[in-house]
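What follows is one structure encoded as structure tokens, with my remarks underneath.
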Amino acid sequence: MSRRSLTLLKNLARNANGSGIQTRSVTYMPRPGDGAPRAVTLIPGDGIGPLVTNAVEQVMEAMHAPIFFEKYDVHGEMSRMPPEVMESIRKNKVCLKGGLKTPVGGGVSSLNVQLRKELDLFASLVNCFNLPGLPTRHENVDIVVIRENTEGEYAGLEHEVVPGVVESLKVITKFCSERIAKYAFEYAYLNNRKKVTAVHKANIMKLADGLFLESCREVAKKYPSITYNEIIVDNCCMQLVAKPEQFDVMVTPNLYGNLVANTAAGIAGGTGVMPGGNVGADHAVFEQGASAGNVGKDKIVLENKANPVALLLSSAMMLRHLQFPSFADRLETAVKKVIAEGKCRTKDLGGTSTTQQVVDAVIAKLD
Amino acid sequence: MARRSASILSRLLANPSSPLTAPSRSITYMPRPGDGAPRTVTLIPGDGIGPLVTGAVEQVMEAMHAPVHFERYEVRGNMRKVPEEVIESVKRNKVCLKGGLATPVGGGVSSLNMQLRKELDIFASLVNCINVPGLVTRHENVDIVVIRENTEGEYSGLEHEVVPGVVESLKVITKFCSERIARYAFEYAYLNNRKKVTAVHKANIMKLADGLFLESCREVAKNYSGITYNEIIVDNCCMQLVAKPEQFDVMVTPNLYGNLIANTAAGIAGGTGVMPGGNVGAEHAIFEQGASAGNVGNDKIVEQKKANPVALLLSSAMMLRHLRFPTFADRLETAVKQVIQEGKCRTKDLGGDCTTQEVVDAVIAALE
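Structure follows, in structure tokens:
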């Protein structure tokens, strides 16, 4: 009997892949023609951008994914996005972006923001969760930060009233607040999430953030099964680092969302591993979830040690968005296995591998 | 040492939420704005066990608060043709869930199932025959997807009496239909990471008809160099299915062979009460029990309400995935598989004693 139970145990352990990563087979009946290849606009960008987008290209190639990339060279110091890039995104509807470095000061507006405004990508989504095998100071983190992407403090409307006095306008509209609240609750509903938290500073900015909160409360009434609460942004930052497990889905205006997303990404493992995307009614742009506003230090670029995991997981989200769920599953499983094994990690996760070594490990793990 | 491994085993298996027994995986899925809007689905309960099992699906959808609402239509197998408003409703909603329509044997009434498929040009029927964990069968490692051409072949319905006492029945095979079913089968294998497609035929006897089918499959196979393609004669195939089912992966077949193979494969993997399936065309999709062995259950099952709702529940999970609600589909499938694995609540065809309603309640309780 000991032999039987031992064999049974071995079988069970083998089925669980030894590292706790489940490979799930889904019964999925595609429509005829669903396998036709899709074109995706690819913008490598600056800094670590080309490194990590190249990683994605290699992995897609290895999987024979029905995707082909239209590559465009854009750099952060251009004054505006080239029209052919915008046209390409409008045609393909989906774009994968490395990172565009926005110069500090000066008169050049951010190309990232310009892209989002022109395509009306009003929701930015970052999923910050603990990856199995990656130890962090915080456990049980699984937070989705949904951030309004087009207005708020990033309206870009600044002027110098008199020399030495500058006014920057923060614009909050009912229209945009409503649609981001609607998207956040819809996301929670579709993904079986139990709680939505609105992050605000309405005790100080009573009218602006007050309008945001009113819109969230109205939408919350339509979803009685989802808990809704509100938290002031300073308390939120403190709670995030003290007890992150209390947060589930968070909906925020533009600036707070940027900060909260980067904080949450940091506690869950770092900006090198969190997937994210930007979505509007017609288009979607996928990029690293929270890139802390930069494109990596020069040293990382020189030594080719950028972490491709975030963009690989974002491209898995992109594959799911393009209705290729099996490819998305395979990619995510391979990436999570590589992280769980821990042999191949870049510097930000405590290892010493280069980007290329991580990519090779992921390709080896694809089944 | 026997005691230690036995106690570890019993602890692992007793814990329903251990990662080895009930994997519920969270995926990062970014919906488009508006994806949560409810969708309408045409519902045809049908005859026999049909109303029982569709009632089960309705209850579970309600419990999950799924963004689906059903437009119900009464259709019976002995009607002469499918009512106009039903066809219109399916054309409008694009998705239909069907219980089962009993086709009378003989007589002049053509099958309403066939009529529905032909009118909406739903040319591919798909059955996924897979061992469900926890359900013990004589065959292990079964994971076969049977893709069957749905509109022509032996089921063309073209029969005539040449002279009294002599009847001819036409089997029609066209290049157009064979090519599109082959293309669908290879596309399915590609999208779902399947390694092998097997064409089932009887071209040694029906050289031209099944020969044309095989030619179309071979042509399409050339476009998919990463997928192995082979052919097998249908009688050998039936024997291999019951001897070594693990050699088959995706099978593409004309109409009649597909019907038989699908039911055989469903039988070896656990029975027609648990296999999900669906029919799809370029624009419409109908979901029903994968392989219903051509009947809608005997009267005793209907009276005692012991029909197995698992197959239609898994098919409705496929439907949720088709409607782009993957999280709801995952929850439903996980709950159903957990109920089967626990083994406490099974209907008669799986060796248990429960009624349909008890299984439904167990599934609803297992939903998270």
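Note that the protein sequences, when read in sequence, are chains A and B. In terms of the numbering used here, the first sequence opens at residue 39 and continues consecutively. In terms of the numbering used here, the second sequence opens at residue 78 and continues consecutively. Even for Gly, the Cβ is constructed at its ideal location relative to N, Cα and C. Here the structure is a predicted model, which is why all the values come from computation and not from measurement.
Give the residues of chain B in contact with residue i, contact being defined as C-beta atoms less than 9 Å apart.
i	result
Glu224/A	Pro108, Pro110, Gly111, Asp112, Gly113 and Ala114
Ala319/A	Arg109, Pro110 and Gly111
Just checking: is the beta-carbon of residue i within a distance shorter than 8 Å of some beta-carbon in chain A?
i	result
Thr214/B	no
Val357/B	yes
Gly347/B	no
Gly335/B	no
Arg194/B	no
Ala343/B	no
Gly303/B	yes
Met328/B	no
Phe402/B	yes
Gly191/B	In the sequence as displayed, the identity of residue 191/B is Met instead of Gly. Output row for Met191/B: interface = no.
Arg169/B	no
Arg225/B	no
Met395/B	yes
Arg153/B	no
Asn92/B	In this prediction, Asn92/B scores a pLDDT of 44, lower than 50, which makes its location untrustworthy; no coordinate-derived value is stated.
With residue i and residue j assumed to form a contact (beta carbons below 8 Å), what rounded beta-carbon distance in angstroms separates them?
i	j	result
Val257/A	Gly310/A	Incorrect: roughly 33 Å between the Cβ atoms, too far for contact.
Tyr232/B	Asn332/B	5 Å
Pro144/B	Phe402/B	7 Å
Gly327/A	Asn178/A	Incorrect: roughly 19 Å between the Cβ atoms, too far for contact.
Val357/B	Arg69/A	6 Å
Asn292/A	Glu224/A	That belief does not hold up - the Cβ atoms of Asn292/A and Glu224/A are roughly 20 Å apart, past 8 Å.
Ala306/A	Thr174/A	6 Å
Tyr227/A	Ile264/A	7 Å
Gly73/A	Tyr267/B	5 Å
Ser126/A	Glu99/A	20 Å between Cβ atoms; not a contact.
Given that residue i touches chain A, what residues does it touch there, using C-beta distances under 7 Å?
i	result
Val265/B	Sequence inspection shows Tyr at residue 265/B; the Val mentioned does not correspond to that position. In chain order: Pro68.
Met146/B	In the sequence as displayed, the identity of residue 146/B is His instead of Met. Those within 7 Å of His146/B in chain A number zero; the least Cβ separation is about 15 Å.
Met497/B	With chain B covering 78 to 445 only, the question about residue 497/B has no answer from this structure.
His237/B	None at all; the shortest Cβ gap to chain A is about 33 Å.
Is there at least one Cβ from chain B nearer than 8 Å to residue i's Cβ?
i	result
His176/A	no
Pro313/A	yes
Ala161/A	yes
Lys228/A	Checking the sequence, you will find Leu at residue 228/A rather than Lys. Closer than 8 Å to some Cβ of chain B, the Cβ of Leu228/A qualifies, so yes.
Lys403/A	no
Val329/A	Looking at the sequence itself, residue 329/A is Ser, so the reference to Val does not match. For Ser329/A, the answer is no, since every Cβ of chain B falls outside 8 Å of its Cβ.
Ser263/A	yes
Leaving out five residues on either side along the sequence, give the residues of the same chain with a beta carbon under 6 Å from the beta carbon of residue i.
i	result
Pro122/B	Pro128, Thr131 and Gly176
Arg149/B	Leu120
Asp111/A	none
Could you pull out every residue in the same chain whose Cβ sits closer than 7 Å to the Cβ of residue i, ignoring the five residues on either side in sequence?
i	result
Glu156/A	Met124
Ala286/B	Lys248 and Ile250
Ala406/B	Ala394, Leu397 and Arg398
Lys239/A	Asp247, Ile270 and Val271
Val437/B	Ala133, Gln136, Val137 and Pro386
Ser253/A	Lys212, Ser215, Glu216 and Ala219
Val440/B	Val137, Leu390, Ala412, Val413 and Val416
List the residues of chain B that residue i touches, going by C-beta distances under 8 Å, in chain order.
i	result
Asp72/A	Glu264 and Leu268
Arg217/A	Pro110
Asn165/A	Thr105
Quick one: residues in its chain with C-beta nearer than 8 Å to the C-beta of residue i, no 5 flanking neighbours on either side, listed in chain order?
i	result
Ser392/B	Leu174, Pro353, Gly354, Gly355, Phe364, Glu365, Gln366 and Gly367
Asp244/B	First, the residue type needs correcting, since residue 244/B is Val and not Asp in the sequence shown. For Val244/B, where only same-chain residues beyond five positions count, the Cβ hits under 8 Å are Glu236, His237 and Glu238.
At a CB-CB cut-off below 9 Å, which residues of chain A make contact with residue i?
i	result
Ala201/B	Met67 and Pro70
Who are the neighbours of residue i on chain B, taking C-beta pairs under 7 Å?
i	result
Gln221/A	It should be pointed out that residue 221/A corresponds to Tyr in this sequence rather than to Gln. By Cβ distance, chain B contributes Pro110.
Could you list the residues in the segment 266–297 of chain B with a C-beta less than 8 Å from some C-beta on chain A, going in chain order? Tyr267, Leu268, Asn269 and Asn270
Check each residue of the segment 347–370 of chain A: if its Cβ is closer than 9 Å to any Cβ of chain B, include it; give the result in chain order. Leu351, Ser352, Ala354, Met355, Met356, Arg358, His359, Gln361, Phe362, Pro363, Ser364, Phe365, Ala366, Asp367, Arg368 and Glu370
Using a Cβ cut-off of 7 Å, which residues of the segment 93–110 of chain A contact any Cβ in chain B, in chain order? His102
Counting only Cβ-Cβ distances shorter than 7 Å, please list the residues of the segment 126–137 of chain B near chain A, keeping chain order. none
Residues in the segment 191–202 of chain A with C-beta within 9 Å of chain B's C-beta atoms, listed in sequence order? none
Residues of the segment 249–260 of chain B whose Cβ lies closer than 8 Å to any Cβ of chain A, in chain order: Arg257 and Arg260
Members of the segment 407–438 of chain B near chain A, C-beta cut-off 7 Å: Arg408
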